[in-house]
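> Just so we're aligned: 829 in our numbering is position 341 of the sequence shown, and the numbers increase by one with no gaps anywhere.
For glycine and all other residues, C-beta sits at the position ideal for the given N, C-alpha and C.
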Amino acid sequence: MSPTPRTATLFHDVRPFGGPAGDLIAVDGVLVDELPEGVAVERVDGGGRLALPTLVDAHIHPDKTSWGEPWYRRRAAAGIADHVAGDVELARSLPTPVGERALRLMSHAAALGTRAMRAHADVAPAYGLAGIEGIAEAAAKLAGIVDVELVAFPQHGVVRAPGTAELLAEAAASGLVSHVGGIDPTGFDADGGREGDQLGLVFALAEKHGLGLDIHLHDRGEPGLAVIRDIAARTRAAGLRGKVTVAHAFAVAGLAGRELDGTAELLAESGVALTTVALGETTVLPFRRLAERGVTVGLGSDGVRDSWSPYGDADMLHRAWLAGWALDARLDEELEACFGVAADGGAALMGLPAADLRPGSPADFMLVEGECVPQVVVDLPRRDLVVRAGRVVARDGRLVRSGPLEAR
Ligand SMILES: [Zn+2]
Numbered sequence: 489m490s491p492t493p494r495t496a497t498l499f500h501d502v503r504p505f506g507g508p509a510g511d512l513i514a515v516d517g518v519l520v521d522e523l524p525e526g527v528a529v530e531r532v533d534g535g536g537r538l539a540l541p542t543l544v545d546a547h548i549h550p551d552k553t554s555w556g557e558p559w560y561r562r563r564a565a566a567g568i569a570d571h572v573a574g575d576v577e578l579a580r581s582l583p584t585p586v587g588e589r590a591l592r593l594m595s596h597a598a599a600l601g602t603r604a605m606r607a608h609a610d611v612a613p614a615y616g617l618a619g620i621e622g623i624a625e626a627a628a629k630l631a632g633i634v635d636v637e638l639v640a641f642p643q644h645g646v647v648r649a650p651g652t653a654e655l656l657a658e659a660a661a662s663g664l665v666s667h668v669g670g671i672d673p674t675g676f677d678a679d680g681g682r683e684g685d686q687l688g689l690v691f692a693l694a695e696k697h698g699l700g701l702d703i704h705l706h707d708r709g710e711p712g713l714a715v716i717r718d719i720a721a722r723t724r725a726a727g728l729r730g731k732v733t734v735a736h737a738f739a740v741a742g743l744a745g746r747e748l749d750g751t752a753e754l755l756a757e758s759g760v761a762l763t764t765v766a767l768g769e770t771t772v773l774p775f776r777r778l779a780e781r782g783v784t785v786g787l788g789s790d791g792v793r794d795s796w797s798p799y800g801d802a803d804m805l806h807r808a809w810l811a812g813w814a815l816d817a818r819l820d821e822e823l824e825a826c827f828g829v830a831a832d833g834g835a836a837l838m839g840l841p842a843a844d845l846r847p848g849s850p851a852d853f854m855l856v857e858g859e860c861v862p863q864v865v866v867d868l869p870r871r872d873l874v875v876r877a878g879r880v881v882a883r884d885g886r887l888v889r890s891g892p893l894e895a896r
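(1) Could you tell me the distance, in whole angstroms, from the CA atom of Gly759 to the CA atom of Glu857?
(2) Buried or exposed: where does Thr940 fall if 16 or more other Cβ atoms within 10 Å of its Cβ makes it buried?
(3) So, does the stretch 711-721 touch the stretch 764-784, judging by three or more C-beta pairs under 8 Å?
(4) Using a Cβ-Cβ cut-off of 6 Å (strictly less than) and excluding sequence neighbours within five positions of Thr784, which residues of its own chain qualify?
(5) Do Ala877 and Gly506 have their CB atoms nearer than 8 Å?
(6) Report the CB separation of Gly788 from His571 in whole angstroms; it is logged as a contact under 8 Å.
(7) Out of curiosity, what's the CA-to-CA distance linking Gly535 and Asp511?
(8) Measuring only from the beta carbon, is Asp672 closer than 7 Å to any heavy atom that is part of ligand 1?
(9) Taking the straight line between their C-alpha atoms, what separation do you get for Thr733 and Val532?
(10) Around the Cβ of Lys629, are there at least 16 other Cβ atoms within 10 angstroms (buried) or fewer (exposed)?
(11) Report yes or no: do three or more beta-carbon pairs, one from the stretch 514-533 and one from the stretch 745-757, lie closer than 8 Å?
(12) Does the Cβ of Trp922 have 16 or more other Cβ atoms within 10 Å, making it buried, or fewer, making it exposed?
(13) On the CB-based measure, 16 or more other CB atoms within 10 Å of its CB, does Arg793 come out buried or exposed?
(14) Would you kindly report the start and end of the unbroken alpha helix (DSSP H) that includes Phe738?
(15) Here's the rule I'm using: 16 or more other beta-carbon atoms within 10 Å means buried, otherwise exposed. How should Ala725 be labelled?
(16) Got a list of residues with beta-carbon closer than 6 Å to any non-hydrogen atom of ligand 1, in chain order?
(17) What are the partner residues of Asp790, as DSSP defines its beta bridges?
(18) Quick check: Leu705 and Ala735, are their CB atoms within less than 8 Å of each other?
(19) Measure the beta-carbon distance from Ala779 to Gly833 and round it to whole angstroms, keeping in mind my assumption that it falls under 8 Å.
(20) Got a sec? Which residues, its chain only, sit under 8 Å from Pro508 by beta carbon, not counting five neighbours each side?
(21) Round the Cβ separation of Asp439 and Pro850 to the nearest angstrom and send it over; I've been treating them as touching at under 8 Å.
(22) Where do the ends of the beta strand (DSSP E) carrying Thr763 lie?
(23) Tell me the DSSP secondary structure of Ile620 in three-state form.
(24) Go through the stretch 661-724 residue by residue and report every complete run of the alpha helix (DSSP H) that reaches 4 residues or more, in order.
(25) Put Leu819 into one of helix, strand or coil per three-state DSSP.
(26) I'd like the list of long-range same chain contacts for Ala599, defined as Cβ closer than 6 Å, with 5 residues on each side in sequence excluded.
(27) Give the DSSP-derived three-state secondary structure of Leu538 in the structure shown.
(28) Given a threshold of 16 other Cβ atoms within 10 Å of its Cβ, counted over all protein chains shown, does Ala566 qualify as buried or as exposed?
(29) Would you mind giving the Cβ-Cβ distance between Leu823 and Val866, rounded to the nearest angstrom? I have them listed as a contact below 8 Å.
(30) Any idea if Leu815 is buried or exposed, counting beta-carbon neighbours within 10 angstroms, 16 or more meaning buried?
(31) Would Phe775 and Val829 qualify as a contact pair, given that the criterion is a beta-carbon distance under 8 Å?
(32) Buried or exposed for Glu530, going by 16 or more other Cβ atoms inside 10 Å?
(33) Under the rule that 16 or more other beta-carbon atoms within 10 Å means buried, what is Arg746, buried or exposed?
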């Protein structure tokens with residue numbers, strides 16, 4: 489049996505992070521210092537473009553999206569329960585099956601330079617496991633282009649929505665999900681007034697099936713912080729360090745000074761990560777300070793053109809722009825940190841190697857016209873070329889679908 493022939497691609501005249509022009513050489517999906525002898529080399533001219541790591545969407549809901557569908561007229565909503573009702577109404581009204589809608593959105597994200605995503609799929613009696621199956625189907629079609637982690641997310645509550653616990657157990661055993669989700673265990677999911685222990689249930693499922701946890705937490709102030717302390721304690725007790733994420737964590741966004749540092753210390757010690765979606769000034773997490781104190785923080789799109797919101801476009805570079813806008817980032821290091829949370833924060837969250845364009849790192853990058861990273865975050869240039877594992881997977885914002893990719 490002959491060994492698999494090695495493939496090499498030389499990307500000529502590119503400027504990693506806006507530095508001096510040079511070559512990036514990818515061999516078998518990894519960047520190397522120099523071309524090995526005796527390999528066939530494909531050559532791609534970068535035309536002096538910036539090379540930047542491709543990005544990670546740490547929190548997205550592809551099952552909820554109406555991206556590419558007829559415009560949806562949203563009704564007023566006063567809280568999570570109203571939004572949940574809107575989700576069901578929208579899902580029933582859309583002509584396209586969930587798997588196709590998810591694929592459309594995820595393909596769009598990949599073509600704009602998303603190399604990996606953690607996708608939440610609603611699990612509720614209203615849908616069964618259709619969301620999980622649809623996103624899993626889309627992820628399979630995008631294998632080798634975008635890595636997908638899937639969260640079984642009880643958006644309607646576990647205590648509030650009888651039948652959800654059984655569906656979560658089915659999802660956890662399905663082999664399709666990497667994480668079990670959760671939502672406001674003492675806020676939204678306690679509003680039904682029924683006895684129940686959402687956190688106990690989802691931690692038990694994660695332990696039983698060797699899965700991670702990713703829990704939505706919208707509650708602010710002390711009620712939210714109490715849940716974070718509870719999640720941290722359960723994470724340590726269950727030995728799930730590094731496998732638990734709290735999404736949004738608006739309670740942490742409201743902290744400053746010693747209180748923020750104390751919470752950061754607790755999260756870092758317990759191995760609990762956070763994700764933020766940069767909705768606005770009062771909800772975006774202070775990710776630089778958290779990261780400095782050892783907390784893993786990823787950035788995500790959240791819902792994209794769903795019943796909750798007409799906004800969002802699954803473009804993680806635009807999401808970095810939004811984070812900068814929300815935090816009033818002016819200084820170059822602040823704008824670079826916005827890019828960094830989208831590139832490295834999400835990669836750390838998903839346990840992926842950093843795509844830092846150094847030899848030995850994955851050949852995952854995008855080429856854009858521009859000057860330097862802060863300027864790119866502000867100007868949002870077109871993604872001229874997206875490279876995954878050394879292979880060109882998208883050009884000019886569209887996936888390259890077939891065949892060996894032609895060199896320029
Ligand atoms: Zn979410």
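So, from the data block:
(1) If I take the Cα positions, the gap works out to 38 Å.
(2) Summary: the structure shown does not reach residue 940, with the chain confined to residues 489 through 896, and so no result is reported for it.
(3) Three or more beta-carbon pairs separated by less than 8 Å are not found between the stretch 711-721 and the stretch 764-784, which leaves the two stretches without contact.
(4) Around Thr784: Ala761, Ala836, Leu837.
(5) Gly506 sits away from Ala877, with the two beta carbons spaced by 8 Å or more.
(6) That pair is no contact at about 17 Å.
(7) One C-alpha to the other measures close to 11 Å.
(8) Every heavy atom of ligand 1 is 7 Å or more from the Cβ of Asp672, so no.
(9) Each residue's CA atom was taken as its position, placing Thr733 and Val532 some 39 Å apart.
(10) Burial is judged here by how many other beta carbons sit within 10 angstroms of a residue's own beta carbon; Lys629 has fewer than 16 and is exposed.
(11) By the Cβ criterion, the stretch 514-533 is not in contact with the stretch 745-757, since fewer than three pairs of Cβ atoms, one from each stretch, lie closer than 8 Å.
(12) There is simply no residue 922 to check, as the chain begins at 489 and stops at 896 in what is shown.
(13) With 16 or more other Cβ atoms from the protein chains shown falling within 10 Å of its own Cβ, Arg793 counts as buried.
(14) Counting along the chain, the alpha helix (DSSP H) containing Phe738 begins and ends at 738-741.
(15) Exposed, by the Cβ-count rule.
(16) The set, ordered by position in the chain, is His547, His549, His608, His704, Ala735, Asp790.
(17) Asp790 is bridged to Ile548.
(18) Leu705 places its beta carbon less than 8 Å from that of Ala735.
(19) With a Cβ gap of about 7 Å, Ala779 and Gly833 count as contacting.
(20) Cβ contact annotation for Pro508 (same chain, cutoff 8 Å, sequence separation greater than five): none.
(21) Here the chain comprises residues numbered 489 to 896, so residue 439 is not present and cannot be evaluated.
(22) Secondary structure note for Thr763: its beta strand (DSSP E) is the uninterrupted segment 760-764.
(23) It is helical.
(24) Whole alpha helix (DSSP H) segments, 4+ residues: 686-697.
(25) Three-state DSSP puts Leu819 in coil, outside helix and strand.
(26) Once the five neighbours on either side are set aside, the close Cβ partners of Ala599 are Ala882, Gly885, Arg886, Leu887.
(27) Collapsing the DSSP output to three states places Leu538 in a strand.
(28) Exposed: under 16 other Cβ atoms inside 10 Å.
(29) Contact between Leu823 and Val866 holds, since their C-beta atoms are separated by about 7 Å, short of 8 Å.
(30) With 16 or more other Cβ atoms within 10 Å, it is buried.
(31) In this structure, Phe775 sits near Val829, with a CB-CB distance shorter than 8 Å.
(32) Classification of Glu530: buried, given that the 10 Å Cβ count is 16 or more.
(33) Under this definition Arg746 is an exposed residue.
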